[in-house]
Amino acid sequence: MLKRIYADNYKCLVNFEFHPRSVNLLVGGNGSGKSCVFQVLEAVQDIVVFGEAVEERIPAASLTRWDSRDTQRFEIDVEIDEGMYRYVLEVEQNRKISTASIQREHVDFNGTTLFKYEARQVHLYNDQGKLGTSFPADPRRSFLGILDERPENQRLMRFKNIIASFWVFRLNPARMTAVSKKEAHWLERDGSNLAYWYRNASSEDPEAIGTLNQDMREIFEDLQSFRFVPTAGSAKELVATFASGQGQQGKSYNLSFDELSSGQREIFALYAILRLAARRASVLCFDEPDNFISLREVQPWLGKLSEVVEETRSQLLIISHHPEVIDYLAPGDAFKFERPSGDVARVRPLQIDLDAGLKASEAIARGWDEGQT
Numbered sequence: 001m002l003k004r005i006y007a008d009n010y011k012c013l014v015n016f017e018f019h020p021r022s023v024n025l026l027v028g029g030n031g032s033g034k035s036c037v038f039q040v041l042e043a044v045q046d047i048v049v050f051g052e053a054v055e056e057r058i059p060a061a062s063l064t065r066w067d068s069r070d071t072q073r074f075e076i077d078v079e080i081d082e083g084m085y086r087y088v089l090e091v092e093q094n095r096k097i098s099t100a101s102i103q104r105e106h107v108d109f110n111g112t113t114l115f116k117y118e119a120r121q122v123h124l125y126n127d128q129g130k131l132g133t134s135f136p137a138d139p140r141r142s143f144l145g146i147l148d149e150r151p152e153n154q155r156l157m158r159f160k161n162i163i164a165s166f167w168v169f170r171l172n173p174a175r176m177t178a179v180s181k182k183e184a185h186w187l188e189r190d191g192s193n194l195a196y197w198y199r200n201a202s203s204e205d206p207e208a209i210g211t212l213n214q215d216m217r218e219i220f221e222d223l224q225s226f227r228f229v230p231t232a233g234s235a236k237e238l239v240a241t242f243a244s245g246q247g248q249q250g251k252s253y254n255l256s257f258d259e260l261s262s263g264q265r266e267i268f269a270l271y272a273i274l275r276l277a278a279r280r281a282s283v284l285c286f287d288e289p290d291n292f293i294s295l296r297e298v299q300p301w302l303g304k305l306s307e308v309v310e311e312t313r314s315q316l317l318i319i320s321h322h323p324e325v326i327d328y329l330a331p332g333d334a335f336k337f338e339r340p341s342g343d344v345a346r347v348r349p350l351q352i353d354l355d356a357g358l359k360a361s362e363a364i365a366r367g368w369d370e371g372q373t
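In full-length UniProt numbering, the protein residues as written are 1 to 373.
Dropping the structure here:
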């Protein structure tokens, strides 16, 4: 479980610390720093797992505008049954030429060092914390991104796999297309390659695909199934097949995924994540999943997703401004993000006396969200 996120000198996050719980609702005004927390997780994942250049994921433009320091620091604590991982990343920015490099990177487990990078040198340790080898490395990318699994680094690889299982989504139905030219094992954060990812899942997990289609039949009237039809070459098109009305019994017709409404595409993507990804995720983050759909549509999904999170002992973080979603999730663990003076972001538990009869969304709107009226 993700126990702690720390960021300093990153956008509006200055000496910022957040301790998420199991199911988390993140609320607050626009620009209060909620999405920045997700962006920290995205950047760490891209650097540690996918080996992306630091300056691409943490550019000089991400420095806090009113802070003159050139060093940014990030920390992530992840708890497993056996103990606690801590990851530390320090990035040095060169404002003049807009470049970034790793100044220091460190992974430890229960205080035992597993990996260290400093002074442009990588130091690799075994699972017991004994130094194995040291060598120079490129400061523009993390060596963790290309680290191979070996018998002596199982704990370090487990950490890397945990970070790989962070799924952060900011879905945009307008970018979801019907045609898939190939299969994809990873769903992009905006859902733009949904058809590619769903095509891969169709062959890998047909049972989950069947459950997903059943979900969709309960939501979309007259739907028979979502399936792929061949197009040119190896490309396939994702279509929704509906039973035809107007007394034409036994007839059906296809609609390309592109022809569905934004809300329908969003619902399909959310349920696809639920059925095809949620059980493999250690952390699931959704930035305003209710943008295109109503509570009547999102609430059943939230309920099912919360059940999966509880069963798998994973974690859920949801950003929402929607009053009904806030009222649905606020009785659990909710956090209020604020920038009281317009600069530094701060977070605190949302404190509302729900027994007083006032809805959480109403209390927030009236400024009565500190347990006082």
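All C-beta atoms in this analysis are idealised placements derived from N, C-alpha and C, irrespective of residue type, glycine included.
Segment limits, beta strand (DSSP E) that includes residue i
{"i": "I107", "result": "Sequence check: residue 107 is Val here, not Ile. That run of the beta strand (DSSP E) goes 99-109."}
{"i": "S262", "result": "Run containing S262: none in the beta strand (DSSP E); it sits in the alpha helix (DSSP H), 262-276."}
{"i": "T133", "result": "131-136"}
{"i": "W66", "result": "Where W66 is concerned, there is no enclosing beta strand (DSSP E), given that its DSSP letter is neither H nor E."}
{"i": "N254", "result": "252-256"}
{"i": "A334", "result": "333-338"}
{"i": "A240", "result": "236-243"}
{"i": "E259", "result": "Where E259 is concerned, there is no enclosing beta strand (DSSP E), given that its DSSP letter is neither H nor E."}
Alpha carbon of residue i to alpha carbon of residue j, nearest angstrom
{"i": "D190", "j": "A53", "result": "21 Å"}
{"i": "N213", "j": "N161", "result": "30 Å"}
{"i": "L25", "j": "V325", "result": "9 Å"}
{"i": "E118", "j": "S32", "result": "33 Å"}
{"i": "V14", "j": "D8", "result": "4 Å"}
{"i": "Y6", "j": "F18", "result": "7 Å"}
{"i": "C12", "j": "F242", "result": "48 Å"}
{"i": "T133", "j": "V283", "result": "32 Å"}
{"i": "E221", "j": "H185", "result": "30 Å"}
{"i": "N94", "j": "F226", "result": "50 Å"}
{"i": "H123", "j": "F292", "result": "48 Å"}
{"i": "I146", "j": "L270", "result": "31 Å"}
{"i": "D138", "j": "R296", "result": "51 Å"}
{"i": "F103", "j": "D148", "result": "A small correction: the amino acid at residue 103 is Gln; Phe does not occupy that position in the sequence shown. Going from the Cα of Q103 to the Cα of D148 covers about 22 Å."}
{"i": "F337", "j": "Y253", "result": "47 Å"}
{"i": "I318", "j": "T211", "result": "24 Å"}
{"i": "E311", "j": "R69", "result": "44 Å"}
{"i": "A235", "j": "Q264", "result": "23 Å"}
{"i": "F143", "j": "D46", "result": "12 Å"}
{"i": "E288", "j": "L156", "result": "33 Å"}
{"i": "E362", "j": "P349", "result": "17 Å"}
{"i": "A360", "j": "G29", "result": "15 Å"}
{"i": "V88", "j": "F74", "result": "6 Å"}
Local Cβ density within 10 Å of residue i, reported as buried at 16 or more and exposed below that
{"i": "R366", "result": "exposed"}
{"i": "S341", "result": "exposed"}
{"i": "F50", "result": "exposed"}
{"i": "N193", "result": "buried"}
{"i": "L131", "result": "exposed"}
{"i": "D353", "result": "exposed"}
{"i": "I267", "result": "buried"}
{"i": "R150", "result": "exposed"}
{"i": "W301", "result": "buried"}
As assigned by DSSP and simplified to three states, the class of residue i
{"i": "Q299", "result": "helix"}
{"i": "residue 448", "result": "Nothing about residue 448 can be read from this structure; the chain reaches only from 1 to 373."}
{"i": "V37", "result": "helix"}
{"i": "E325", "result": "It is worth fixing the name first, because residue 325 is Val in this sequence and not Glu. In this structure, V325 counts as helix in the three-state DSSP scheme."}
{"i": "R4", "result": "strand"}
{"i": "S180", "result": "strand"}
{"i": "K304", "result": "helix"}
{"i": "F228", "result": "strand"}
{"i": "P289", "result": "coil"}
{"i": "F143", "result": "helix"}
{"i": "R217", "result": "helix"}
{"i": "V44", "result": "helix"}
Distance between beta carbons of residue j and residue i, contact taken as under 8 Å
{"i": "E237", "j": "V179", "result": "5 Å"}
{"i": "V91", "j": "A100", "result": "5 Å"}
{"i": "A281", "j": "W197", "result": "Contact flag wrong, Cβ pair sits at about 14 Å."}
{"i": "N126", "j": "E152", "result": "4 Å"}
{"i": "R199", "j": "F228", "result": "6 Å"}
Residue i - containing alpha helix (DSSP H), residue span
{"i": "W197", "result": "194-204"}
{"i": "L156", "result": "154-164"}
{"i": "V54", "result": "54-57"}
{"i": "E362", "result": "360-366"}
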